[in-house]
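The block underneath contains the structure these notes are about, expressed in structure tokens.
Number of protein chains: 2
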Amino acid sequence: MNASSRGERVEREGPTFSPLYRQIKGLITRSLQGGEWKPGELIPSETELAARFGVSQGTVRKAIDELAAENLVVRRQGRGTFVATHQEARAQFRFLRLRPDQAGEAGVMDSRILECRRLRAPGDVARALQLRAGEAVVQIRRLLSFQGQPTVLDEIWLPGAQFRGLTFERLSAYTGPLYALFEAEFGTRMIRATERVKAVAADEATAKALAVAAGEPLLLVERVTYTYEDRPVEMRRGLYVTHRHHYRNELG
Amino acid sequence: MNASSRGERVEREGPTFSPLYRQIKGLITRSLQGGEWKPGELIPSETELAARFGVSQGTVRKAIDELAAENLVVRRQGRGTFVATHQEARAQFRFLRLRPDQAGEAGVMDSRILECRRLRAPGDVARALQLRAGEAVVQIRRLLSFQGQPTVLDEIWLPGAQFRGLTFERLSAYTGPLYALFEAEFGTRMIRATERVKAVAADEATAKALAVAAGEPLLLVERVTYTYEDRPVEMRRGLYVTHRHHYRNELG
DNA sequence: TAGTGGTCTAGACCACCGT
DNA sequence: CGGTGGTCTAGACCACTAA
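Sequences listed follow chains A and B, in order.
Position 45 (the first sequence) corresponds to 36 in our numbering; numbering is contiguous.
Position 163 (the second sequence) corresponds to 154 in our numbering; numbering is contiguous.
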């Protein structure tokens, strides 16, 4: 699978052509996915990988460039290239786009697990997670508060098969980003997500949980999160109070 | 300003060091900004630019890589590199993140200008556009409808100095993206933007304009748009009806 | 066919990090 | 100091486009 000898050229693979560096990227991705190098660990140097795959360092470099751009890997000059992890402060707010209106008052964030149970996937969840209807899923409900103010009410759905040992107790005992727990304990790394945002009125139960009036306008944020190879592994429905916060977005 | 002769090395410029390719990027950006090449036009080939700046083609290439990543230019293999423009179908929905819930029913979009007047900048607008308080600005109000349904009510603020000939008549006569008009007629190219999204209840006037009930939850989308060198040149406040649409976002 | 961007290589040197 | 990623060069060849 490597172009070992000088001058040997890589052929088109079926109808779709990939340049060499993209094939190398695929090989590295497979190693990441397979756990050859774990989150936070150092991967081999560019020179080493070049030797392993029988290509030039520049080609490996271009492959890693793309992996770094996709946040699968982090470069550190003088030290090496590391497998990205949700453990770092850097990565905390990569997926949560809610920000305080007055910048600076980041303040304390508190997460409280309300519920964690296993049940059969409702239709929409099964569809989003590409499961067969009625397959087992884990449902988590939790409340995020910022300096004591209840602000985000989340309902999270995960495929039951991949999250066997996930219990209310385990979640409640854990402090820190959920995605860090998922990657460390369940070998599932969240890579990217898409969100659909709408404005809705708070129903009675929601209003009570978030300590706002019934009918209060809230952001409804529906997220589908993907791991390697664009496989969906989480669906999330969040209700955000935007009195003192907003959903921030950068348009490139 | 160019490292013409072989072996001559570029020095640190004051306390901040830039690699050569980034300096080249700056020179190309300046030419874009100065109008040496207009939106939609072909810029010189990489070889030509390399000769002009006295660097290797690879260095120019890396500079253009970044410009392409920032959507300032568009590469077309076999043809050349073009100055990006808001005229193309590709670029239409780069800034408007509203999407129909049922994909596929893109349908007809209709834009109706409600108002266009010149006045002194209110405090928040002046601050966002980095103008002195009370400086002249243009205010535009418009309504976007999708298959006949009023959906977006926009209030747009522009610096008066840069948008002199902008009138209600000129806007109403124009069909197509506003940013295409701005770049063609006023030499102002919108590069990137940041948005802050909140959920709010429709007030009486808004409800009427959008044909919804008063108190209806709406998305409030506040945008600040920047041109070259991160100079803010537009502030926008939009109210979105999300009955059959949603605000779509990709989390990388 | 000529010209463009796209890929790949090999080798040099720089900037940064830890020991 | 040695090793890592970061920059820069020069040159070869490929893929695509237009004339």
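C-beta atoms are modelled at their ideal positions from N, C-alpha and C, and glycine is treated no differently.
* Could you give the distance in angstroms between the alpha-carbon of B:THR72 and the alpha-carbon of B:THR38? -> Whole-angstrom Cα-Cα distance: 12 Å.
* To do: Out of B:ALA198, B:GLY151 and B:PHE173, state which residue places its alpha-carbon closest to the alpha-carbon of B:GLN140.
  => B:ALA198
* Helix or strand or just coil, what does DSSP make of A:ILE131? -> strand
* Can the beta-carbon of B:ALA127 be found less than 9 Å from the beta-carbon of B:LEU110? -> yes
* **Nearest candidate by alpha-carbon position, reference B:GLU176, set B:GLN78, B:ASP101 and B:PHE137** => With distances taken between CA atoms, B:GLU176 lies nearest to B:GLN78 out of B:GLN78, B:ASP101 and B:PHE137.
* Within the stretch 161 to 213 of chain B, ranges of the alpha helix (DSSP H) (whole runs, at least 4 residues) -> Correct list: 169 to 176 and 195 to 201.
* **Proximal residues, the stretch 207 to 225 of chain B versus chain A, C-beta separation under 7 Å** => PRO208, LEU209 and LEU210
* Asked: Mind checking whether A:LEU135 and A:ASP101 have CB atoms under 9 Å apart?
  -> yes
* Please confirm if B:ARG118 has its CB atom under 9 Å from at least one CB of chain A. => no
* **Same chain, Cβ closer than 7 Å to A:ALA202, neighbours up to 5 away in sequence not counted** => Correct list, in chain order: PRO141.
* Label B:LEU33 either buried or exposed according to how many other C-beta atoms from any shown protein chain fall within 10 Å of its C-beta, with 16 as the threshold for buried. => exposed
* From the beta carbon of B:HIS237, is the nearest beta carbon of chain A less than 9 Å away? -> With 9 Å as the cut-off, B:HIS237 counts as an interface residue toward chain A.
* Where B:LEU162 and A:PRO208 are concerned, what is the direct C-alpha to C-alpha distance, given to the nearest angstrom? -> Rounded to the nearest angstrom, the gap between the Cα atoms of B:LEU162 and A:PRO208 is 33 Å.
* To do: State whether the stretch 171 to 190 of chain A contacts the stretch 165 to 179 of chain B, with contact taken as three or more CB pairs (one from each stretch) at a distance under 8 Å.
  => no
* With DSSP as the reference, label A:LEU122 as helix, strand or coil. => Coil, per DSSP.
* Could you check the C-alpha separation between A:ASP145 and A:PHE44 for me, to the nearest Å? => Straight-line Cα distance between these residues: approximately 44 Å.
* Residues that DSSP places opposite B:ILE34 in a beta bridge -> B:THR72
* For A:PRO10, count neighbouring Cβ atoms within 10 angstroms of its own Cβ and tell me buried if that reaches 16, exposed if not. => Per the 10 Å Cβ criterion, exposed.
* Asked: If you measure beta-carbon to beta-carbon, which residues of the stretch 176 to 192 of chain B are closer than 7 Å to chain A?
  -> ARG183, ALA184, THR185, GLU186, ARG187, VAL188, LYS189, ALA190, VAL191 and ALA192
* Is the Cβ-Cβ distance between B:TYR217 and B:ARG183 less than 9 Å? -> yes
* In three-state DSSP terms, what is B:VAL215? -> In this structure, B:VAL215 counts as strand in the three-state DSSP scheme.
* Counting Cβ pairs closer than 8 Å, one from the stretch 158 to 174 of chain A and one from the stretch 156 to 173 of chain B, do we hit at least three? -> no
* Grab the span of the alpha helix (DSSP H) containing A:LEU18 for me, first residue to last. => 11 to 25
* **A:LEU242 beta carbon less than 9 Å from that of B:PHE137** => no
* To do: Closer than 7 Å by beta-carbon distance: list the chain B residues that pair up with A:THR233, in chain order.
  => In chain order, LYS189 and ALA190 make up the part of chain B whose C-beta sits under 7 Å from the C-beta of A:THR233.
* To do: Compare the C-beta of B:GLY229 against all C-beta atoms of chain A and say whether one is closer than 9 Å.
  => Proximity of B:GLY229 to chain A, defined by a Cβ-Cβ separation below 9 Å, is not satisfied.
* Asked: Who are the Cβ neighbours of B:GLU213 in its own chain at under 6 Å, not counting the five residues just before and after it?
  -> Leaving aside the five residues that flank B:GLU213 on each side, the residues in its chain whose CB is nearer than 6 Å to its CB run, in chain order, ARG187 and ARG228.
* Who does B:ASN240 pair with in a DSSP beta bridge? -> In the DSSP output, where bridge partners are listed per residue, B:ASN240 has A:GLU186.
* Asked: Can you find a C-beta in chain B that's less than 9 Å from the C-beta of A:LEU105?
  -> A:LEU105 does not count as touching chain B.
* To do: Using a Cβ-Cβ cut-off of 9 Å, state whether A:GLY125 counts as contacting chain B.
  => no
* Asked: Where does A:HIS234 land, buried or exposed, given buried means 16+ other C-beta within 10 angstroms?
  -> exposed
* Distance between beta carbons of A:LEU63 and A:ARG23, contact taken as under 8 Å -> Note that residue 23 of chain A is Leu in the sequence shown, not Arg. The pair is a contact, with the Cβ atoms about 6 Å apart (cut-off 8 Å).
* Since B:PHE86 meets chain A, which of its residues come closer than 7 Å, beta carbon to beta carbon? -> LEU242
* Whose C-beta lies closer than 6 Å to the C-beta of B:SER(-4) among residues of the same chain, with five residues either side of it excluded? -> A caution first: B:SER(-4) carries a pLDDT of 33, below 50, which makes its placement in the model unreliable, though a value can still be read off. Taken in chain order, the list of residues that qualify is empty.
* **CB contact flag (A:VAL215, A:GLN153, <9 Å)** => For the 9 Å CB-CB criterion, A:VAL215 and A:GLN153 do not form a contact.
* List the whole-angstrom C-beta distance separating A:MET226 from A:ALA119, where the pair is believed to meet the contact cut-off of C-beta under 8 Å. => 4 Å
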